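*Asks:* If you scroll down you'll find the structure; I have some questions about it.
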Amino acid sequence: MANDYIFIRKSRNALSSVLHVLMNVLLGAGSILIGLVSGSWLIGFILVLVSKWRMFAVRPRYLLLNLKSNLVDLIVGFSFVLLGFFSGSELLPVHYLLAISYTVWLIFIKPKTSKNWTLFQALVAVFLGTSASVILCASLNSALLVILEFIIGYAAARHVLVQNNNSLENGFPALLLGTLFAELSLFLHSWLIIYTFVDFGLMLPQLALVLSLLAFMLEKVYSSVELHDGAFRLKPVALPLAFGTLLILIILIGFSNPIFNV
35 MANDYIFIRK SRNALSSVLH VLMNVLLGAG SILIGLVSGS WLIGFILVLV SKWRMFAVRP
95 RYLLLNLKSN LVDLIVGFSF VLLGFFSGSE LLPVHYLLAI SYTVWLIFIK PKTSKNWTLF
155 QALVAVFLGT SASVILCASL NSALLVILEF IIGYAAARHV LVQNNNSLEN GFPALLLGTL
215 FAELSLFLHS WLIIYTFVDF GLMLPQLALV LSLLAFMLEK VYSSVELHDG AFRLKPVALP
275 LAFGTLLILI ILIGFSNPIF NV
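One gets our numbering by counting positions in the sequence shown from 1 and adding 34 to each.
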């Protein structure tokens with residue numbers, strides 16, 4: 035009897051796992067391809083929100099906390115939908131890439147909770163969120179880009195901070211990064227550069243690369259300062275700072291030809 039119970043339980047767990055993977059595959063592919071069929075990003079947004087139904091299934095006083103905790107996942111999901119929509123109304127290789135990438139995010143990347151994976155998740159949100167925001171706001175008022183970049187910077191920083199027990203109640207660094215992102219986006223809004231690869235359907239904003247590298251460097255500095263009880267030591271972070279700074283300079287100086295300017 036006990037063996038039958040264990041077998042049934044394992045079968046149910048296996049079935050649940052298969053259904054979970056299948057639903058994520060459908061969400062990953064469907065939220066990207068639905069924009070081609072419907073000609074609108076709205077249905078894709080709805081699919082992402084429906085997949086986060088647990089976020090809303092709480093008492094109202096916990097809703098804001100749940101929203102903060104799920105900001106990175108929401109940013110990534112919405113960004114995939116927008117990037118798929120902005121890539122054109124014809125099926126291109128980039129649509130397959132986005133669908134596969136979102137599926138990989140849902141199944142393999144999002145569930146990870148280690149420090150390195152948490153940083154990677156935050157950087158993905160910065161890169162994809164900024165990419166979608168820049169393309170969306172290229173011809174709109176700069177205020178919208180500033181607001182979106184503040185949210186992206188805040189969400190990414192908070193996502194990393196909450197993994198550290200000493201930083202659970204400290205929202206100041208998250209607000210600081212959000213403000214920095216907002217200021218940089220305001221400063222660079224008049225010189226937004228998007229690298230386009232027409233045949234592939236890919237659009238790559240320069241600002242997304244710069245902010246992703248900047249977020250990476252700042253996280254390394256913050257982690258080092260926390261590790262050494264508030265004291266900044268250059269040696270542990272010299273390599274990532276030099277690497278990130280060099281890449282940013284190469285991007286800004288070597289790949290800012292006005293031919294790419296939107």
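For every residue, glycine included, the Cβ atom is placed at its ideal position computed from N, Cα and C. Here the structure is a predicted model, which is why all the values come from computation and not from measurement.
(1) Would you decide whether D233 is buried or exposed? Buried here means 16 or more other CB atoms lie within 10 Å of its CB.
(2) On the DSSP letters alone, give me the boundaries of the alpha helix (DSSP H) that S94 sits inside.
(3) Can you tell me where the alpha helix (DSSP H) holding I185 begins and where it ends?
(4) I need the straight-line Cα distance from A172 to L117, nearest angstrom please.
(5) Ignoring anything shorter than 4 residues, give me the alpha helix (DSSP H) runs that lie fully in the stretch 202-238, in order along the chain.
(6) Taking 7 Å as the cut-off, is the CB of L99 close to at least one heavy atom of the ligand MN?
(7) Quick test of your reading: I66 and L132, contact by CB under 8 Å. State the CB separation rounded to the nearest angstrom.
(8) To the nearest angstrom, report how far apart S121 and K269 are at their CA atoms.
(9) Taking E260 as part of the alpha helix (DSSP H), name the residues at either end of that continuous run.
(10) Could you tell me the distance, in whole angstroms, from the CA atom of F114 to the CA atom of Y136?
(11) Between the stretch 213-232 and the stretch 159-179, are three or more C-beta pairs nearer than 8 Å?
(12) Quick check: L61 and L76, are their CB atoms within less than 8 Å of each other?
(13) Measure the beta-carbon distance from I186 to V158 and round it to whole angstroms, keeping in mind my assumption that it falls under 8 Å.
(14) What number of angstroms, rounded off, separates the C-alpha of N58 from the C-alpha of P145?
(15) Using 8 Å as the threshold, is the C-beta distance between V106 and A190 below it?
(16) Taking the C-alpha atoms as reference points, what is the distance between S103 and E253?
(17) What number of angstroms, rounded off, separates the C-alpha of L247 from the C-alpha of L97?
(18) Nearest to V110 by CA position, among V92, P94, F154, is which residue?
(19) In chain order, what residues of the same chain have a beta carbon less than 6 Å from the beta carbon of I282, not counting five sequence neighbours either side?
(20) DSSP three-state call for R88: helix, strand or coil?
(21) Output needed for N100: all residues of its chain with C-beta closer than 7 Å, excluding positions within five of it in sequence on either side, in chain order.
(22) Assign L280 to one of two classes, buried (16 or more other C-beta atoms within 10 Å of its C-beta) or exposed (fewer than that).
(23) Give the straight-line distance between the Cα atoms of L83 and I141, rounded to the nearest whole angstrom.
(24) So what does DSSP say about T279, is it helix, strand or coil?
*Replies:* So, from the data block:
(1) Reading the sequence shown from its first residue, position 199 is the one you call residue 233. Counting Cβ neighbours within 10 Å, D233 comes out exposed, since fewer than 16 surround it.
(2) Taking the sequence shown and counting its residues from 1, one reaches residue 94 at position 60. The identity of residue 94 in the sequence shown is Pro, whereas the question assumes Ser. Segment 94-103, the alpha helix (DSSP H) holding P94.
(3) The residue labelled residue 185 in the question sits at position 151 within the sequence shown. It spans 176-195 - the alpha helix (DSSP H) in which I185 sits, taken as one unbroken run.
(4) As a working mapping, residue 172 is identified with position 138 in the sequence shown. As a working mapping, residue 117 is identified with position 83 in the sequence shown. One C-alpha to the other measures close to 14 Å.
(5) 206-222
(6) Among the components of this structure there are no ligands whatsoever, and the ligand MN is therefore not found.
(7) Along the sequence shown, one-based indexing puts residue 66 at 32. Along the sequence shown, one-based indexing puts residue 132 at 98. Contact between I66 and L132 holds: CB atoms are separated by about 5 Å, below the 8 Å threshold.
(8) Your numbering for residue 121 matches position 87 in the sequence shown. Your numbering for residue 269 matches position 235 in the sequence shown. Going by the C-alpha atoms only, they are around 43 Å apart.
(9) By one-based count along the sequence shown, residue 260 stands at place 226. That run of the alpha helix (DSSP H) goes 240-261.
(10) As a working note, residue 114 is residue 80 in the sequence shown. As a working note, residue 136 is residue 102 in the sequence shown. Going from the Cα of F114 to the Cα of Y136 covers about 7 Å.
(11) yes
(12) Here the question's residue 61 lines up with position 27 in the sequence shown. Here the question's residue 76 lines up with position 42 in the sequence shown. No. Outside cutoff.
(13) Counting from 1 along the sequence shown, the entry for residue 186 is found at position 152. Counting from 1 along the sequence shown, the entry for residue 158 is found at position 124. Contact flag wrong, Cβ pair sits at about 11 Å.
(14) Looking up residue 58 in the sequence shown gives position 24. Looking up residue 145 in the sequence shown gives position 111. Roughly 12 Å between the two C-alpha positions.
(15) Here residue 106 refers to the residue found at position 72 of the sequence shown. Here residue 190 refers to the residue found at position 156 of the sequence shown. It is a contact, given that the beta carbons lie within the stated cut-off.
(16) Within the sequence shown, the letter at position 69 stands for residue 103. Within the sequence shown, the letter at position 219 stands for residue 253. In a straight line, the C-alpha of S103 is about 19 Å away from that of E253.
(17) As a position in the sequence shown, residue 247 is number 213, starting the count at 1. As a position in the sequence shown, residue 97 is number 63, starting the count at 1. In this structure, the CA atom of L247 is about 32 Å from the CA atom of L97.
(18) Residue mapping note: residue 110 aligns to position 76 of the sequence shown, counting from 1. For V110, the nearest C-alpha among the options comes from F154.
(19) Your numbering for residue 282 matches position 248 in the sequence shown. Result list for I282: V244, L247, in chain order.
(20) Along the sequence shown, read from residue 1 onward, the residue named residue 88 stands at position 54. Helix, per DSSP.
(21) Position 66 of the sequence shown, counting from 1, holds the residue named residue 100. Counting only Cβ-Cβ distances below 7 Å, and skipping sequence neighbours, we find M89, V92.
(22) If you number the sequence shown from 1, residue 280 lands on position 246. Result: exposed.
(23) As a position in the sequence shown, residue 83 is number 49, starting the count at 1. As a position in the sequence shown, residue 141 is number 107, starting the count at 1. C-alpha separation (whole angstroms): 17 Å.
(24) Reading the sequence shown from its first residue, position 245 is the one you call residue 279. Here T279 sits in helix by DSSP.
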